[in-house]
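To start, the structure itself, in structure tokens.
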Amino acid sequence: MADTKFLETAQGRRLAYHKTEGSGPIIVFLGGLKSDMEGTKAVHLEACARAREQGFLRFDYSGHGESSGAFTDGCIGDWHEDTLAAVLRLTDGPMIVVGSSMGGWQALLLARVMPERIVAMVTIAAAPDFTEDGYWASFSDQQKADLETVGHVELPSDYMEPYVITKRMIEDGRDRLILRTPLDLPFPVRFLQGTADTAVSTDTAVRLLNHAKGPDMQLLLVKDADHRFSDGPCLGLIERAVRDVVGDA
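With UniProt numbering as the guide, the letters of the sequence shown map in order to residues 1 to 249.
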């Protein structure tokens, strides 16, 4: 396994990454909230890319994995800046963007600022606007008051310790919303979604499909697949989706 490398961003953050050299278009993997680049999906896709001698990039947002900073200091905008830094400094030419959960939101934000670089996109349980439509919309009056007075609330997680959701994350998320304004995806897109996902609903996946505009978009609903979407069959579906969007099914 290659050693982890680090990138210093203009904002003073130190991002950990692994890059596999190879032919293009390079695959850029964007992980989920509180996930890291050692996740099953990222490592599996990297191995697939290496077998095909294709370029691959995975990295940790600030406050995640081996990168600098604390998770509670970050927000969607910070992680968007991290994504831009990684893409602009570590890649050139066409790329295939693969985004998981919050990484799906990041992939869509990336498509807004550099659609000319993206030749295809695959999302897995994409979670656009979840700070507003998921967290804020479900907060009780007491939780909203705590956000103002304490500055954060804690939410239970099915997968790890509670999520600490800060006032800054909620407010910043409102500046990054995807589903309220036009969303053009002028390249092949495959949205993958499990029907047993308790973090992102199938309604969200359908809403995203209906909202986005593009020449080649498909939504695949996988019965009984959960939010992790990382067992053997699901990994196979992700791999096939990546190959499909570049015409190599």
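By construction, the Cβ of each residue, glycine as well, lies at the ideal position given by its N, Cα and C atoms.
Here the structure is a predicted model, which is why all the values come from computation and not from measurement.
When C-alpha distances from Gly232 are compared across Leu45, Leu33, Gly32, Thr9, the shortest belongs to Leu45. For Thr4, the closest C-alpha among the options Gln11, Tyr17, Ala10 is that of Tyr17. For Gln106, DSSP records no beta bridge to any residue. Between the stretch 122 to 134 and the stretch 223 to 240 there are three or more inter-stretch CB-CB distances shorter than 8 Å, so the stretches are counted as touching.
Per DSSP, His44 is not a residue of any beta strand (DSSP E); the alpha helix (DSSP H) it occupies stretches across 40 to 51. Contact between the stretch 202 to 210 and the stretch 137 to 146 is absent: fewer than three C-beta pairs spanning the two stretches fall below 8 Å. When DSSP states are grouped into helix, strand and coil, Gly55 belongs to the strand group.
Within the stretch 139 to 185, the runs of beta strand (DSSP E) that reach at least 3 residues and sit entirely inside it are, in chain order, 152 to 155, 163 to 166. Counted as a single uninterrupted DSSP element, the stretch harbouring His18 is not any alpha helix (DSSP H) but the beta strand (DSSP E) occupying residues 14 to 20. Secondary structure of Phe229 (DSSP, three-state): coil. The bridge partners DSSP lists for Val222 are Gly194. For Gly214, no beta strand (DSSP E) run applies, since DSSP gives it neither H nor E.
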